[in-house]
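Heads up, the thing below is written out as structure tokens.
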Amino acid sequence: MGSLLLQQIPLALGIIMSPLAIVAVVAVLFSERARINSIAYLVGWFLGIIVSLAVSFAILTALEVHQRTHPPLWVPILHLILGTVLLGGAWFVYTRSHRRMQAMAAATGPGDIAAAAPQLPKMLQSVEHFSPGRSGVLGFALFVLNPIDMSCAIAAAMNFRLSSAAPSAEWASAVVFALVSASSVAVPVALLLIKKEKATEPLQRIRTWIATNTHLLNVGLLILISAMQISKGIQGL
Numbered sequence: 017m018g019s020l021l022l023q024q025i026p027l028a029l030g031i032i033m034s035p036l037a038i039v040a041v042v043a044v045l046f047s048e049r050a051r052i053n054s055i056a057y058l059v060g061w062f063l064g065i066i067v068s069l070a071v072s073f074a075i076l077t078a079l080e081v082h083q084r085t086h087p088p089l090w091v092p093i094l095h096l097i098l099g100t101v102l103l104g105g106a107w108f109v110y111t112r113s114h115r116r117m118q119a120m121a122a123a124t125g126p127g128d129i130a131a132a133a134p135q136l137p138k139m140l141q142s143v144e145h146f147s148p149g150r151s152g153v154l155g156f157a158l159f160v161l162n163p164i165d166m167s168c169a170i171a172a173a174m175n176f177r178l179s180s181a182a183p184s185a186e187w188a189s190a191v192v193f194a195l196v197s198a199s200s201v202a203v204p205v206a207l208l209l210i211k212k213e214k215a216t217e218p219l220q221r222i223r224t225w226i227a228t229n230t231h232l233l234n235v236g237l238l239i240l241i242s243a244m245q246i247s248k249g250i251q252g253l
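Position one of the sequence shown corresponds to residue 17 (the numbering used here), numbered consecutively onward.
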């Protein structure tokens with residue numbers, strides 16, 4: 017089980033460092049019903065991870081992908097596709113952040129600086145008025161509709177399915193993987209529930225740091241995971 021979990025560390029980090037998910041949860045934490053909305057968002061995000069893993073694992077099981085024989089040709093091809101998607105995600109994150117930095121460097125006045133500064137996506141700009149139900153759906157949708165997060169979940173499910181560990185160890189590892197992957201959302205929610213009003217300042221700092229710094233870390237991590245998937249695909253051909 018330990019070696020199986022070690023294989024999942026880069027994939028879990030890829031989900032943990034999803035900037036949009038963390039910015040979204042911080043936005044939810046400043047909504048009108050922050051506590052219940054943040055819990056609903058966390059539940060939705062966690063369900064997104066669990067459902068993605070379960071569905072991916074079920075499909076791989078139905079297709080009889082296992083370790084005892086060489087997997088079919090489409091398995092290494094899927095590794096290559098996942099690696100390509102993640103590499104494309106790294107390029108997208110880098111180019112978007114580079115354009116933003118160029119715009120901020122070229123800004124000549126307060127208005128230009130404000131326009132160039134990181135902004136919440138349009139779907140999050142009305143999050144302060146969300147109901148708990150919408151917050152939960154938002155958390156679920158932000159995971160399952162994000163190709164990078166989904167690629168990490170599919171790759172993790174493939175590792176579980178292709179492992180030689182006992183089924184009980186596979187399921188236990190999957191639960192640990194899901195819990196660790198959800199920690200980037202769970203920690204800010206726990207901070208609000210524990211510190212209450214005193215959490216406002218640290219949450220604002222978290223949001224600012226994420227908006228300005230995580231893109232480079234995310235790029236490096238996506239490249240690492242992409243290289244791992246492409247290597248597995250090439251080895252399987």
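Ideal Cβ placement from N, Cα and C applies to all residues, glycine included.
Neighbourhood of residue i by C-beta distance below 7 Å, restricted to the same chain and skipping five residues each side
i, result
"V41", "S54, Y57, V201, P204 and V205"
"A28", "F193, V196 and S197"
"K212", "none"
"E48", "E144 and H145"
"A66", "It should be noted that the sequence gives Ile, not Ala, for residue 66. So the qualifying residues of the chain are A194."
"A173", "L69, S72, F73 and L76"
Residue range of the alpha helix (DSSP H) that includes residue i
i, result
"M166", "P163 to L178"
"K211", "S199 to K211"
"A143", "The residue you asked about is not Ala; residue 143 is Val in the sequence shown. Here V143 belongs to no alpha helix (DSSP H), and DSSP marks it neither H nor E."
"F73", "A50 to A78"
"L45", "P35 to L45"
Close Cβ partners of residue i (< 8 Å) along its chain, the five nearest in sequence each way excluded
i, result
"L21", "S189, V192 and F193"
"A26", "The identity of residue 26 in the sequence shown is Pro, whereas the question assumes Ala. The residues are L237, L240, I241 and M244."
"P163", "V101 and G105"
Interface flag, residue i vs chain B, CB-CB below 8 Å
i, result
"V203", "Of the protein chains in this structure there is only one, and it is not chain B."
DSSP three-state assignment for residue i, whether helix, strand or coil
i, result
"A182", "coil"
"T124", "In this prediction, T124 has a pLDDT of 48, which is less than 50 and means its spatial position is unreliable; what the coordinates show is noted afterwards. Coil."
"L89", "coil"
Other residues of its chain near residue i: CB distance less than 6 Å, five sequence neighbours each side excluded
i, result
"G155", "Y57, G60 and W61"
Do the region 93-111 and the region 158-177 make contact, defined as three or more Cβ pairs closer than 8 Å? Segment contact: the region 93-111 against the region 158-177, three or more CB-CB distances shorter than 8 Å; contact assigned.
Check whether the region 63-79 and the region 233-249 touch, using three or more Cβ-Cβ pairs below 8 Å as the test. Cβ pair count under 8 Å is below three, so no.
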